[in-house]
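Student: Taking the working numbering, I'd label the letters of the sequence shown as residues 1424 to 1565. Sharing a structure below in structure tokens format, with a few things to ask.
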Amino acid sequence: MSKKLKQRKKVVNVKSHYNDTNKEYPVFCFKYFQNHSIKKCKNVNLFLSFCERLEKLANLGWEEIGKSLCHTYGFEPIPLTELKCYDSVKKLEIVTKDVKKLLVFRYTGNNLPFLGLRGRGGSNIFHIILIETEFGDIYDHE
1424 MSKKLKQRKK VVNVKSHYND TNKEYPVFCF KYFQNHSIKK CKNVNLFLSF
1474 CERLEKLANL GWEEIGKSLC HTYGFEPIPL TELKCYDSVK KLEIVTKDVK
1524 KLLVFRYTGN NLPFLGLRGR GGSNIFHIIL IETEFGDIYD HE
């Protein structure tokens, strides 16, 4: 005859690796990514350069990024209305009515941009929305 064993619920106390100091370093999210420029790109080196830039920014932290110039590791704002794909970007869930600008970072030696939004309340999450692979695909450069 088989015995039924009572299963005890095991309570596991798992401490999260997340803490408030992690807010100091960016975490990159692609949930709202739009492929307006990359769909025609055949240059694999651009994506390698992009990944290397994300790694560098993640290790610098928001404080150092904020001290950097926009054509090094810093960023600059661009009004949504200057985007060639404005209509599709403004429909994104994350682009609420109060959002008027995206942040522009550079990722290659020739300063191609990627654009996105930092999460609400100084969050560590940076939502990457656009990556430009050829100058002028996303907005006009002057």
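Each residue gets a CB set at the ideal place from its N, CA and C atoms; glycine is no exception.
Taking contact to mean 3 or more Cβ pairs, one atom from each stretch, closer than 8 angstroms, check whether the segment 1456-1468 and the segment 1553-1563 are in contact.
Tutor: Flag = yes, the segment 1456-1468 and the segment 1553-1563 touch.
Student: Do His1550 and Ile1517 have their beta-carbon atoms positioned less than 8 angstroms apart in this structure?
Tutor: Their beta carbons are under 8 angstroms apart, which means Ile1517 touches His1550 by this criterion.
Student: Which residue marks the beginning of the beta strand (DSSP E) containing Cys1452, and which one marks its end?
Tutor: Start and end: Val1450 to Cys1452.
Student: Go through its chain and collect everything with a Cβ distance to Phe1528's Cβ below 6 angstroms, but skip five positions before and after it.
Tutor: Same-chain partners within the cutoff: Phe1498 and Phe1537.
Student: List in chain order: all unbroken alpha helix (DSSP H) runs of 4+ residues lying wholly within the segment 1481-1553.
Tutor: Runs of the alpha helix (DSSP H) inside the segment 1481-1553: 1485-1490 and 1509-1513.
Student: Express the C-alpha separation of Glu1475 and Tyr1530 in angstroms, rounding to a whole number.
Tutor: Taking the straight line from one Cα to the other gives about 8 angstroms.
Student: Given that a residue counts as buried once 16 or more other Cβ atoms are within 10 Å of its Cβ, and exposed if not, what is Asp1577?
Tutor: This structure cannot settle anything about residue 1577, because the visible part of the chain is limited to 1424 through 1565.
Student: Can the beta-carbon of His1494 be found closer than 8 angstroms to that of Asn1468?
Tutor: No, these two residues do not count as a Cβ contact at 8 angstroms.
Student: Figure out for me which residue from Tyr1455, Leu1471 and Asn1547 has the closest Cα to the Cα of Ser1381.
Tutor: Residue 1381 is absent from the structure shown; the chain starts at 1424 and stops at 1565.
Student: Mind reading off the beta-carbon distance from Ile1561 to Cys1452? Whole number of angstroms is fine, and I expect it under 8 angstroms.
Tutor: In fact, because the Cβ distance is near 19 angstroms, the residues do not count as touching under 8 angstroms.
Student: Exposed or buried, what is Gly1539 when buried is set at 16 or more other beta-carbons lying within 10 Å of its beta-carbon?
Tutor: Flag for Gly1539 reads buried.
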